[in-house]
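See structure below.
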Amino acid sequence: MSQIKEIAAYWGTRAQGYSERCKIDLIEDTKFDWLDKICKYAPAKQQLNVLDIGCGAGFFSILMAKAGHNVTSIDYTENMVNSAIQNAVDAGVDIEVLQMDAQNLDFEDDTFDLIVTRNVTWVMEQPTKAYSEWIRVLQPGGRMINFDENQYLYLFDEDYKKEKERRGEPEYMKKVHNTQIMEELAYKLPLSKEVRPGWDVQTLLSLGVSNVTADVYNKRVIEKDGKNKVLYNSFIVCAEK
0 MSQIKEIAAY WGTRAQGYSE RCKIDLIEDT KFDWLDKICK YAPAKQQLNV
50 LDIGCGAGFF SILMAKAGHN VTSIDYTENM VNSAIQNAVD AGVDIEVLQM
100 DAQNLDFEDD TFDLIVTRNV TWVMEQPTKA YSEWIRVLQP GGRMINFDEN
150 QYLYLFDEDY KKEKERRGEP EYMKKVHNTQ IMEELAYKLP LSKEVRPGWD
200 VQTLLSLGVS NVTADVYNKR VIEKDGKNKV LYNSFIVCAE K
């Protein structure tokens, strides 16, 4: 049975907090770090047609629009869509924001030069189908840049659980009071138990992309049974059609 409505309802309760965080991120210098990461993998074209999948409150969308690109943004959660629209207006940029399921895109084939997405794939009920759809709407030579994390692998891997306990709760999560709801939903999601980005690389190659790269920028090496074990947290996956 699909959980998509429950997942959307949960993120709807988080929309205001995400919107407030988005406004802060847009005035902090760290936004340039994100832009640099995107530009590192994006096609070398002065003005790109960009699709921001799971746009949330619109941080990536606004960032790319301010950089001079044509941006379309989608999110399944109505409250996030409304937040992104308002934040785009406040930022003085023109972005088309649509409510849409990232696993069933309402776009023609070969539409976009670049897809950007952050912390979205892990919540997909059909991640392989989602990747297939994203590749479909990319133009030949277009690229998808996916920033994600092994969000809930600690539910299935004792070493990741210990690492989560060692790190403690991120500061921004201490104000969120309903995390158990998402944890219960995440337990049933297919990517929660996969070690990524290895899963992503293999899946994208099986879908026929011409090239795929992965970069892990947050990891820790522990000793396990006399051998080193790498715990992957945050990563980037870039695929070219």
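Numbering that gives the first Met the number 0 numbers the first residue of the sequence shown as 0 and each following residue consecutively.
All C-beta atoms in this analysis are idealised placements derived from N, C-alpha and C, irrespective of residue type, glycine included.
Alpha-carbon to alpha-carbon, residue j and residue i
i, j, result
"residue 106", "residue 136", "7 angstroms"
"residue 214", "residue 168", "24 angstroms"
"residue 84", "residue 94", "8 angstroms"
"residue 191", "residue 146", "16 angstroms"
"residue 196", "residue 231", "8 angstroms"
"residue 155", "residue 78", "31 angstroms"
"residue 92", "residue 49", "14 angstroms"
"residue 180", "residue 62", "31 angstroms"
"residue 229", "residue 218", "7 angstroms"
"residue 99", "residue 223", "43 angstroms"
"residue 225", "residue 20", "42 angstroms"
"residue 27", "residue 90", "14 angstroms"
"residue 200", "residue 216", "16 angstroms"
"residue 16", "residue 88", "18 angstroms"
"residue 143", "residue 165", "33 angstroms"
"residue 153", "residue 161", "8 angstroms"
"residue 114", "residue 157", "34 angstroms"
"residue 22", "residue 159", "32 angstroms"
"residue 163", "residue 126", "24 angstroms"
Cβ-based neighbour list, residue i, same chain, cut-off 6 angstroms, excluding 5 preceding and 5 following
i, result
"residue 212", "237"
"residue 14", "78, 79, 82"
Same chain only: Cβ atoms within 8 angstroms of residue i, ignoring 5 sequence neighbours per side
i, result
"residue 184", "2, 5, 6, 9"
Among the options, nearest to residue i - alpha-carbon criterion
i, options, result
"residue 54", "67, 63, 73, 64", "73"
"residue 124", "228, 143, 103", "103"
"residue 116", "92, 33, 67", "33"
"residue 57", "218, 96, 100", "96"
"residue 65", "187, 45, 217", "45"
"residue 234", "28, 101, 37, 223", "37"
"residue 141", "159, 89, 40", "40"
"residue 132", "52, 28, 218", "52"
"residue 59", "42, 35, 43", "35"
"residue 70", "31, 110, 158", "110"
"residue 101", "89, 128, 90", "128"
"residue 198", "149, 15, 159, 165", "149"
"residue 121", "166, 216, 14, 186", "186"
Chain-order list of residues whose beta-carbon lies under 7 angstroms from that of residue i (same chain, five-residue window excluded)
i, result
"residue 204", "211"
"residue 209", "239, 240"
"residue 227", "220"
"residue 18", "56, 82, 86"
"residue 30", "24, 62"
"residue 139", "109, 240"
"residue 67", "46"
Per DSSP, the bridge partner or partners of residue i
i, result
"residue 143", "114, 238"
"residue 165", "Paired residues: none, contrary to the question."
"residue 229", "220"
"residue 98", "74"
"residue 52", "73, 116"
"residue 212", "237"
"residue 317", "Because the chain is modelled from 0 through 240, residue 317 falls outside the range shown and cannot be assessed."
"residue 137", "111"
For residue j and residue i, believed in contact at Cβ under 8 angstroms, the rounded distance
i, j, result
"residue 12", "residue 118", "Rounded, the Cβ-Cβ distance is 16 angstroms, inconsistent with contact."
"residue 202", "residue 130", "6 angstroms"
"residue 182", "residue 151", "7 angstroms"
"residue 112", "residue 189", "Incorrect: roughly 29 angstroms between the Cβ atoms, too far for contact."
"residue 134", "residue 206", "6 angstroms"
Min CB distance residue i to chain D below 7 angstroms
i, result
"residue 232", "Of the protein chains in the structure, only one exists, and it is not chain D."
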